[in-house]
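Peer 1: Using our numbering, read the sequence shown as starting at 6 and increasing by one per residue.
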Amino acid sequence: MQNCETYFFGNNTLPLVIESKKKITSRENFFSKLEKNREWVKKNLLRYGGILFRGFPLKGVDDFAESIKRIGLGVPIDYIGGDSPRIKIKEGVYTSTEAPPSFKIPLHNELSFVKYYPHHIYFFCEEPSLEGGATILGDARKIYQSINPEIRRKFQENGLKYVSHYYKKSFLIDLVNRLGKGHKRWDDVFETESKKDVEKKCIHHEFVYKWLKNDWLEVSQIRPAVTDHPETHEKIWFNQAQLYDFNKRLLGFGKYLGAKILYLRPHTRLHEVFYANGTKIDTKTMNHIHDVLDQETVFFSWQKGDLLILDNILSMHGRAPFKGKRRILTCMTNEI
Ligand SMILES: [Fe+2]
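1. Cutting at 6 Å between CB atoms, please list the residues of its own chain near T335, excluding the five before and the five after it.
2. Going along the chain, which unbroken runs of the alpha helix (DSSP H) with 4 or more residues stay wholly within the stretch 154-236?
3. Do the CB positions of H188 and Y172 come within less than 8 Å of each other?
4. So for I76, helix, strand or coil by DSSP?
5. According to DSSP, simplified to helix, strand and coil, what is E40?
6. Taking the C-alpha atoms as reference points, what is the distance between S225 and H209?
7. Okay, do the stretch 276-294 and the stretch 25-40 touch, 3+ Cβ pairs below 8 Å being the bar?
8. Go through the stretch 46-103 residue by residue and report every complete run of the alpha helix (DSSP H) that reaches 4 residues or more, in order.
9. Please identify the residue among P20, K159, L184 and V46 whose C-alpha is closest to the C-alpha of M6.
10. Say yes only if the C-beta of E115 is nearer than 7 Å to one or more non-hydrogen atoms of ligand 1, and no if none qualify.
11. Drop a sphere of 10 angstroms on the beta-carbon of H322, count the other beta-carbons inside from all chains shown, and report buried for 16 or more, exposed for fewer.
12. With a threshold of 7 Å, establish whether the CB of H276 neighbours any heavy atom of ligand 1.
13. Excluding the five sequence neighbours on either side, which residues of its own chain have a C-beta within less than 6 Å of the C-beta of I178, listed in chain order?
14. Out of Y149, T11, F13 and P81, which has the shortest C-alpha to C-alpha gap to E301?
15. Which residues share a DSSP beta bridge with N339?
16. State whether the stretch 133-140 contacts the stretch 243-253, with contact taken as three or more CB pairs (one from each stretch) at a distance under 8 Å.
17. Would you call the CB atoms of A230 and G164 closer than 8 Å?
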């Protein structure tokens, strides 16, 4: 990219950082730079998995949405079936997560548990946190290589079954959410109040659905645990078992004990994950996956106005705990 400096943070090649050498003050200059360099961006995303644009004059949600439009990698999609609490800001743009600040979100590929997962995910920093709050990153190719071969074989051969339970009205869950947002309502997950529309969306995404008593909804789907990148054909660890498993390692001991009350009743279990034939995945296996994800995690600190683009298949992301305010926006796209 002309008049820009490219570098990495330390020895990590994720993300590739692009910084303007001459201070660009016009947003239009930046947008046309993105358009002109689309092929360069595509090539480097396939090589490194992620690109961070730093020091460009991007101000807020409209600049973020315009950048995504101009880079032209795909069309924004809704967060249907997503499990993270988010606020929709405008069509295709959401807050990255409203999960409690003390909660560490482990590495994951966005929506890897649904059929129509996004191929690219974008983040924009409106306000960095004063302490912590990095968007953590990981190379899903390296993670595939680092998983114990026997576990890898078992996941690959079996595939996974994801099960979720979503509520509509519940005094208990509303109380839990006031203590720390986490359990989504089905009208939030499917972005509609209409049960008929929920059903249509389930059919479209190939979710098996079941309405339960008191307006609860059970959704399940069987998905592969490993994929081949459609362009580079590299093997990728591509599943969300670590976020669907009820595990002390994920929740922390305090939250694990609290959530145990909900876990006692099958229909109030937010998420469960099994091998596709319905057998349980043992805790030792899940802990190994958490170990590999931790070992392959790279951190970078946000600066206001940063724009990050990730190939959502090659790269995983997550969030480190933080203190104070933090506002990161996100958008996901798929090829037309
Ligand atoms: Fe995510």
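A virtual CB, placed ideally from N, CA and C, is assigned to each residue, including glycine.
Predicted, not measured: the structure shown is a model, and the values here were computed from it.
Peer 2: Concretely, from the data shown:
1. The residue labelled residue 335 in the question sits at position 330 within the sequence shown. Here the set comprises Y99, S101 and F128.
2. 154-163, 176-184, 191-194 and 200-210
3. Position 183 of the sequence shown, counted from the start, is the residue given in the question as residue 188. Position 167 of the sequence shown, counted from the start, is the residue given in the question as residue 172. In this structure, Y172 lies closer than 8 Å to H188 by Cβ.
4. Along the sequence shown, one-based indexing puts residue 76 at 71. I76: helix per DSSP, three-state reduction.
5. Position 35 of the sequence shown, counting from 1, holds the residue named residue 40. Note: E40 maps to helix in three-state DSSP.
6. Walking along the sequence shown from the start, residue 225 turns up at place 220. Walking along the sequence shown from the start, residue 209 turns up at place 204. Distance between the alpha carbons of S225 and H209 is about 13 Å.
7. no
8. 66-76
9. Along the sequence shown, one-based indexing puts residue 6 at 1. Measuring from the Cα of M6, the nearest candidate turns out to be V46.
10. Looking up residue 115 in the sequence shown gives position 110. Flag set: Cβ of E115 near ligand 1.
11. The residue labelled residue 322 in the question sits at position 317 within the sequence shown. Result: buried.
12. Position 271 of the sequence shown, counting from 1, holds the residue named residue 276. No, the beta carbon of H276 sits no closer than 7 Å to any heavy atom of ligand 1.
13. Position 173 of the sequence shown, counted from the start, is the residue given in the question as residue 178. Same-chain partners within the cutoff: Y172 and H188.
14. Counting from one through the sequence shown, the residue named residue 301 turns up at place 296. Selected option, being the one with the closest Cα: Y149.
15. The residue labelled residue 339 in the question sits at position 334 within the sequence shown. Answer is V80.
16. no
17. Locating residue 230 in the sequence shown gives position 225, counting from the first residue. Locating residue 164 in the sequence shown gives position 159, counting from the first residue. Yes.
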